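Each remark here refers to the structure printed beneath this line.
The following block contains the structure:
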């Protein structure tokens, strides 16, 4: 299992939309970005605590290819192309990777 954190920053265009429109767009996009159960997404708000990003997306996937395909679909979506969000940073991780390393050594 891999976990990838994607730091996102909203644009003024996104903030100008009514919240109902934001929710509609998000629901539409995520239904195509995450069409199966190979990748899950959790969202965290960060704008009150940092100026680097406004949101943190936590993707969990069974393998890197599944994550990669989800990101490609996301990059093609209106959330990124409009642009409503900018990707600030992508941080791939392996949960308890040191344990797997110690076990393999």
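Numbering (the working numbering), first residue to last: 12 to 116.
Every residue, glycine too, gets a C-beta built ideally from N, C-alpha and C.
As the structure is a computational prediction, the values presented were derived from the model and not from experiment.
Asked                                                                                                : Found
Pick from 83, 114, 21, 110 that is closest to residue 64, judged by C-alpha positions                : 21
Contiguous beta strand (DSSP E) assignments of at least 3 residues, all confined to the region 46-89 : 50-56, 66-72
Enclosing alpha helix (DSSP H) for residue 113 [first to last residue]                               : 108-115
Neighbour-count burial assignment, residue 95, 16 or more Cβ in a 10 Å radius                        : buried
Candidates 44, 90, 38, of which the one nearest residue 23 by Cα                                     : 90
Residue 28, DSSP secondary structure in three states                                                 : coil
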